[in-house]
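Just so we're aligned, residue 1 is where the sequence shown starts under the working numbering, counting upward by one. Beta carbons: idealized from backbone N, C-alpha and C, even for Gly. Report on the following structure.
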Amino acid sequence: MFVTTAGRTNQQMINKAIEIAANLEVPYLPRKKKSINQLKEKTNRDCLVVGKERLELFEKGSPLPFFFHPNSAMFRIKRLLNGEHDPFADAAQLSSGMTVLDCTLGLASDAIVASYLVGKEGHVTGIEGQKYLAYVVQEGLKEWDSGLPSMNEAMKRISVIHTTALDFLKRQPDEAVDCIYFDPMFEETVLESNGIKGLGQFAIHDDLTEETIKEAMRVAKIRVIMKDHYKSKRFEKYCFQVNRRKTAKFHFGFIEKN
Numbered sequence: 001m002f003v004t005t006a007g008r009t010n011q012q013m014i015n016k017a018i019e020i021a022a023n024l025e026v027p028y029l030p031r032k033k034k035s036i037n038q039l040k041e042k043t044n045r046d047c048l049v050v051g052k053e054r055l056e057l058f059e060k061g062s063p064l065p066f067f068f069h070p071n072s073a074m075f076r077i078k079r080l081l082n083g084e085h086d087p088f089a090d091a092a093q094l095s096s097g098m099t100v101l102d103c104t105l106g107l108a109s110d111a112i113v114a115s116y117l118v119g120k121e122g123h124v125t126g127i128e129g130q131k132y133l134a135y136v137v138q139e140g141l142k143e144w145d146s147g148l149p150s151m152n153e154a155m156k157r158i159s160v161i162h163t164t165a166l167d168f169l170k171r172q173p174d175e176a177v178d179c180i181y182f183d184p185m186f187e188e189t190v191l192e193s194n195g196i197k198g199l200g201q202f203a204i205h206d207d208l209t210e211e212t213i214k215e216a217m218r219v220a221k222i223r224v225i226m227k228d229h230y231k232s233k234r235f236e237k238y239c240f241q242v243n244r245r246k247t248a249k250f251h252f253g254f255i256e257k258n
């Protein structure tokens, strides 16, 4: 991995790129009129590009970048503001003041909705096992302007931690958080946007294990929730009750503690 700037740059962007490289403990490479592909070929590394509006992750063998975008969270929160239903909200049954652990953060769209639902009195923590993905999402949550003040505040309240779900869960005491959420990479991929397509290159494709679910059940106080493809065998394997939705490519399942 190395950090560089967008083609049209300025001193402020250069300084930011140098600072990010230092934080991530990777080299900073000046552009010097070279293309991203030329720099990737020269170094044989992935790269993080600091632009004026956003950070972009490029895998060395792919032209598709990953960048933060709240994805479906914006229109989902608008629907909630209008009193409409959201499948995740219905399954999670979150309310003000609750705490949530999102064990598979990804683009954080569900974490954003969760943060909106639990409000200022609650808290959402997101776990991401890929270091650079965690950084891009963490910075995006701080800086993205959705045009909705309540959503901007919800994004800024989310804590992002770079670790694996199992390692994090093992360090937590019993019933440390109200709800725990999993969104494993679909057994049959659902691609919705360029951000999602770019995400697939960097995401860690670890399947959920019995040990992880067992730890989640220990750490959760109220319930464990999972979103997965409608054909997934994991719901039955781990005894999740499923909210089935006609025509939907994914379903939500839950296990109540009591």
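Do you know how far the Cα of K142 is from the Cα of M74? 15 Å
Cβ neighbour criterion (16 or more within 10 Å) applied to P70: buried
How many angstroms separate the CA atom of E19 from the CA atom of T5? 12 Å
Where the alpha helix (DSSP H) through L141 begins and ends: K131 to E143
Range of the contiguous alpha helix (DSSP H) that encloses T212: E210 to V219
Residue range of the unbroken beta strand (DSSP E) whose run includes N243: Q241 to N243
For S146 and N152, believed in contact at Cβ under 8 Å, the rounded distance: 6 Å
Round the Cβ separation of N243 and P65 to the nearest angstrom and send it over; I've been treating them as touching at under 8 Å. Not really, about 34 Å apart at Cβ, beyond 8 Å.
L345 versus A21 - alpha carbon distance: Residue 345 lies beyond the range of the chain shown here (1 to 258); nothing can be said about it.
Once you ignore the five residues that flank K60 on each side, which residues in its own chain have a CB closer than 7 Å to its CB? K40, N44, R45 and D46
Here's the rule: buried if 16 or more other CB atoms are within 10 angstroms of the residue's CB, otherwise exposed. What is T99? buried
Along the chain, where does the alpha helix (DSSP H) that runs through L169 open and close? A165 to K170
Out of A248, D207 and V177, state which residue places its alpha-carbon closest to the alpha-carbon of K221. V177
For I77, is the beta carbon positioned less than 6 Å from some heavy atom of the ligand SAH? Ligands in the displayed structure: none, and consequently the ligand SAH is not present.
By DSSP, does D228 sit in helix, in strand, or in coil? strand
Between V26 and L133, what straight-line distance do the alpha-carbon atoms span, to the nearest angstrom? 14 Å
What is the rounded straight-line gap between the Cα of N258 and the Cα of L24? 42 Å
Look at the Cβ atom of V136, then the Cβ atom of L80, and state whether they are nearer than 7 Å. no
Since F182 and L166 are thought to touch, with beta carbons under 8 Å apart, how far apart are those beta carbons, to the nearest angstrom? At roughly 11 Å, the Cβ-Cβ gap does not stay under 8 Å, so F182 and L166 are not in contact.
In angstroms with no decimal places, state the Cα-to-Cα distance between Q172 and V124. 15 Å
Helix, strand or coil for L81, going by three-state DSSP, please let me know. helix
Could you check where the beta strand (DSSP E) with P65 kicks off and where it finishes? P65 to F67
Element boundaries [alpha helix (DSSP H), containing E25]: Where E25 is concerned, there is no enclosing alpha helix (DSSP H), given that its DSSP letter is neither H nor E.
Looking at C-beta atoms only, is the number of pairs between the stretch 107-124 and the stretch 245-257 that lie closer than 8 Å three or more? no
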